[in-house]
Each structure stands twice: as structure tokens, then as C-alpha cells.
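Trainee: Residue numbers (our numbering), protein chains in the order written: chain F, 32 to 278; chain H, 5 to 222.
We put the beta carbon where it would ideally sit given N, CA and C, even for glycine.
Would you mind keeping the following structure in view while I ask a few things?
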């Protein structure tokens, strides 16, 4: 990457509380532009919460988050600016059921003034092509399989031409035979150089594309490293146990 | 002097239906605008807006409609405004409908899965666009059946305005009855007319409800 040293995400001492429960404990994390990161850990470890703080679906109680040079916590319209740079894919797809696939993809570019009707449609069709379902453009989400819906959700996020993509367990709600089509789409995206943060238990995906794998437990980052190191030579007892359970 | 209940009386009663319908339409349209504001306030992020709208709902759901009519009617006099039964009835019923529709639609908004709001937020849609393009179209489908159901209540509720002297259907029946003293026939006719207005609406509400159930189980 040409701009390899520019930071896509920089978190400093990020803490998040749900009432008295501390979901994130003074997290420090930097992600370089173009870096592909996989975050794993037991449920309730804070991994989803962590990536949801990046586009402020979760507010934080202390620390700072800077995304692409924009400090989220600095006020003004910084949250809006960051959300325009960051795409997100959810476990439950969250497609808009009352809109067609094409309308799902065109809504945000139109409403945010990024594109006019014809260019929004052209962009939508381009990305539906990219995720290999151009022929479904006029269907409603309920008419598609889970795997197809998740690929639409990826296309919908890409239509905002984000610089960073967040994936929150994108294959966990899918039937096993549909996991591969979604992972393949994500792998394509990773190969094109998209900065990605993925919460997933798909270790094959982590091995194939991740630059770095992060293990979280109880709101803290316990261990991180390149995939070979992470899987081949886990240092902490807890990571060894975790890898033993999911293997 | 007591006279025979005749065609002129029937015509007088039927003509009064327009006032019942006019009042229902005013209250429903006014209540729809007010109800949307109340529903958005009730489901907003602002604690102040949520509290204020909750108090509004509690006051209007916790007091009889008849008392609300009295207070608006006699309130006009206190404010030195001319006493006008239609104005008082329209304002009171609008507030009443705003409270009930606000609560129905708050429930509809909150019945839309939170993931929808999160996806719209993550796509950097503004509050207005999130509501207008994503949440409200889905909430409308959920809320349409109970809304029609409430409209039936509202139409029947307009009969109370007869007590502050507004000559709608019920009041027309009272006037005719005072002259003919044939209460069973007169109020029987009045009840039948209410039924003919409300029954199709109830059927329609039930059909919408069935359609919603099918949409959800699909």
C-alpha cells in the first residue's frame, strides 16, 4: 500500500460501560490503512462492541477514537463524517424489508447527497455485480436466501464507497452451505485492499486474508499477532483454550 | 306538545351525521399530526422529550373524554373567547386522539427491529431520513390495524360532544326525542347509524390485522 503508514483507526484507552458492567477496558488499538483484521473471542468478550464504537453505534465513556484522521469524540459533525467513511455488515443482515435490493443499495447514496438517481443506480448495479447477484436487483430481501441477503448487505455498504468496512459476525446467522459464498465475497474485498475489521469465528477466513488476528476476552485484548504466529504458537493459556474449543 | 316521529325527523337525524363525520375527520387528522409528534418524542433519544410526551399521554389517557370536553369548552370562556361547541369539541378530540395515536404509533415504531435503525445509522442517514425512509414505512404497516380500530372509538367518542351542545348525531337524536318522546325508536335509529359507520371500519381493521399476521409469519 502506498499510504501504508496512515492510520485507518486509532483507539486510545477506550472504555465502554453498560450500566455497571464494563464491556471494554481501556482498549488501545491501531489499524493501518489497508490492513485486514480479524477479531475473535468468546461471546460477551466485547468484540462486537469494539467494532461498533468505530461508527458510534456504541458511545464510549472514556478514551479517544480517531478514524481516518477524524477524531470521533471531538464533537461537531465528526460522527457523521466518520459514518460516511465506514461501512458495516451485520449478523442479521438488516436489509430494509420494504425496499427492493436495488432500492436498499441506492437509499443512502441518494439521501446523503453523494449521488443523483442515475449515478446511484449505476453504482448499485456495479456492486451487485461485484457480489455476484445482479439479477436479484428488483426482488425484495425476503425473496432471497440468507447468503444472498448478506451479499446484498455488503453491496449496500460498498455503495457508499467506504474506506473501512466493519463486519460483525457476518456468517453466524447463515446456514452452513451459505457461509462460503459470503466469505468468498469478503475475501475478494480483502484482496482489493479494503481496510477491514471482522468479528468472526471463521478461522479459515482469518488464515486466508488476515494481516492480524486479535483475541479478546472480558473486554480486553489478550493477544494479537499475524495468523501463523497466532494459530501456530499462541502464547496465552486462554487463547490456547479458546482455539481448542472452536477447532 | 308531543308530535309524531316522522320522515322530517329521520331526515334531521341523518343530516346530523355530517357533523359527526366532520368532527371525526378533524379529530383524526389533527390527532394524526399530534400523534406523530408524540410518537417521535416518545421514542426519541432526548429524555426531556420522552418525559414531556409521557406526561401528555398520561393526562389525556387518565382522564375521561367528557371532562376534557368540559374543560376545553368552559376554558374558552375563561380565556374570554366566544363559546363555540365545534371549536371546543374539535380541540378536545384532537388532543385525545393525539395521546392515543401517539401511544399506538410509539409501540409501532419500537416494534421495528433495532437492527433497522442501526443499519440506517451506519449508512450515515440523518435522523429525518432514518425515520422517513426506514422506520416509519415499517411502523406504518404494524400500526395501521390498531389505528383503524382507534378511529372507530373516536367516531363513537364524538357522541359525548352532544353534552356540550354540539348538534351531531346523538344531539340530533336528543332534540327529536324531546319533541316526539319516542326514545326507543329515535335512539335505535341513532345507534343503527353509528353501527353502519363503524362496522365496515371494524371489518377493515380485522382484515388488515390478518394481513399483517400473514406478512409476519411468511
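Is it buried or exposed, residue 273/F, if we count other Cβ atoms within 10 angstroms and call 16 or more buried?
Mentor: buried
Trainee: Starting from residue 119/F, find everything on chain H with Cβ-Cβ shorter than 7 Å and list it in chain order.
Mentor: 126
Trainee: Mind listing, in chain order, the continuous beta strand (DSSP E) runs of no fewer than 3 residues lying wholly within the region 155-214 of chain H?
Mentor: none
Trainee: Following the continuous beta strand (DSSP E) through residue 60/H, name the residue where it begins and the one where it ends.
Mentor: Careful: residue 60/H lies outside any beta strand (DSSP E), inside the alpha helix (DSSP H) at 51-66.
Trainee: Taking residue 98/H as part of the beta strand (DSSP E), name the residues at either end of that continuous run.
Mentor: That residue, residue 98/H, is in no beta strand (DSSP E); its alpha helix (DSSP H) goes 89-115.
Trainee: So residue 38/F is in the alpha helix (DSSP H); what residue range does that whole segment cover?
Mentor: Element bounds for residue 38/F: not the alpha helix (DSSP H) but the beta strand (DSSP E), 38-49.
Trainee: Residues of chain F with CB closer than 7 Å to the CB of residue 133/H, please, in chain order.
Mentor: The contacting residues are 142.
Trainee: Give the interface partners of residue 294/F over in chain H, defined as CB-CB distance under 8 Å, in chain order.
Mentor: Residue 294/F lies beyond the residue range present for chain F, which begins at 32 and ends at 278; the question has no answer from this structure.
Trainee: Looking at the structure shown, is residue 328/F part of a helix, part of a strand, or coil, going by DSSP?
Mentor: Any question about residue 328/F goes unanswered here, given that chain F covers just 32 to 278.
Trainee: For the region 104-118 of chain F, list every residue whose C-beta sits within 8 Å of some C-beta in chain H, in sequence order.
Mentor: 111, 114, 115, 117, 118
Trainee: Residues of the region 148-180 of chain F with a CB closer than 9 Å to any CB of chain H: list them in chain order, please.
Mentor: 173
Trainee: At a CB-CB cut-off below 7 Å, which residues of chain F make contact with residue 251/H?
Mentor: The requested residue 251/H is not part of the displayed model; chain H covers only 5 to 222.
Trainee: Chain F partners of residue 212/H, CB-CB under 8 Å?
Mentor: Chain F residues near residue 212/H: none, gap ~16 Å exceeds 8 Å.
Trainee: Run through the region 42-91 of chain F for me and flag every whole beta strand (DSSP E) of 3 or more residues, listed as ranges in chain order.
Mentor: 52-63, 67-71
Trainee: Cβ of residue 178/H less than 8 Å from any chain F Cβ?
Mentor: no
Trainee: Report yes or no: is there a C-beta of chain H within less than 8 Å of the C-beta of residue 227/F?
Mentor: no
Trainee: For the putative contact between residue 7/H and residue 171/H, defined by C-beta atoms under 8 Å, what is the C-beta separation to the nearest angstrom?
Mentor: That pair is no contact at about 19 Å.
Trainee: As a quick exercise: from 119/F, 268/F, 234/F, pick the residue whose alpha carbon is nearest that of residue 70/F.
Mentor: 234/F
Trainee: Does DSSP classify residue 163/F as helix, strand or coil?
Mentor: coil
Trainee: In whole angstroms, what separates the C-alpha of residue 150/F from that of residue 87/H?
Mentor: Computed Cα separation, rounded: 59 Å.
Trainee: Return no unless some Cβ of chain H is closer than 8 Å to the Cβ of residue 137/F.
Mentor: By this cut-off, residue 137/F is not an interface position.
Trainee: For the region 56-71 of chain F against the region 93-103 of chain H, do three or more pairs of beta-carbon atoms, one drawn from each stretch, fall closer than 8 Å, so that the two count as touching?
Mentor: no
Trainee: Under a CB-based cut-off of 8 Å, is residue 120/H close to chain F?
Mentor: yes
Trainee: Check this for me: beta carbons of residue 94/F and residue 42/F, under 8 Å apart or not?
Mentor: Yes, the Cβ-Cβ distance between residue 94/F and residue 42/F is below 8 Å.
Trainee: Answer yes or no: does any C-beta atom of chain F fall closer than 8 Å to that of residue 222/H?
Mentor: Bear in mind that the predicted position of residue 222/H carries a pLDDT of just 44, short of 50, making it too unreliable to give a figure here.
Trainee: Among all the DSSP beta bridges, which residues are the ones paired with residue 25/F?
Mentor: Outside the modelled stretch of chain F, which goes from 32 to 278, sits residue 25/F, for which no answer is possible.
Trainee: Evaluate the contact criterion for the region 199-206 of chain F versus the region 158-170 of chain F: three or more CB pairs, one atom per stretch, below 8 Å.
Mentor: no
Trainee: Select from 193/H, 23/H, 49/H, 50/H the residue whose C-alpha is nearest the C-alpha of residue 11/H.
Mentor: Distance check between residue 11/H and each of 193/H, 23/H, 49/H, 50/H places 193/H closest, using alpha-carbon atoms only.
Trainee: Using only the alpha-carbon positions, how far apart do residue 44/F and residue 53/F sit?
Mentor: 13 Å
Trainee: Kindly indicate which three-state DSSP category residue 32/H falls into: helix, strand or coil?
Mentor: helix
Trainee: How would you write the range of the beta strand (DSSP E) that residue 251/F sits in, first residue to last?
Mentor: 251-256
Trainee: Between residue 179/F and the rest of its own chain, which residues show a CB-CB distance below 7 Å, the 5 nearest in sequence each way excluded?
Mentor: By the criterion of a C-beta distance shorter than 7 Å, residue 179/F is surrounded in its chain by 164, 167, once the five residues flanking it on both sides are discounted.
Trainee: In three-state DSSP terms, what is residue 246/F?
Mentor: strand
Trainee: For residue 90/H, which residues from the same chain have a beta carbon less than 7 Å from its beta carbon, with the 5 sequence-adjacent residues on both sides left out?
Mentor: 170
Trainee: Between residue 182/F and residue 213/F, what straight-line distance do the alpha-carbon atoms span, to the nearest angstrom?
Mentor: Computed Cα separation, rounded: 6 Å.
Trainee: Check whether the Cβ atoms of residue 108/H and residue 154/H lie closer than 8 Å to each other.
Mentor: yes
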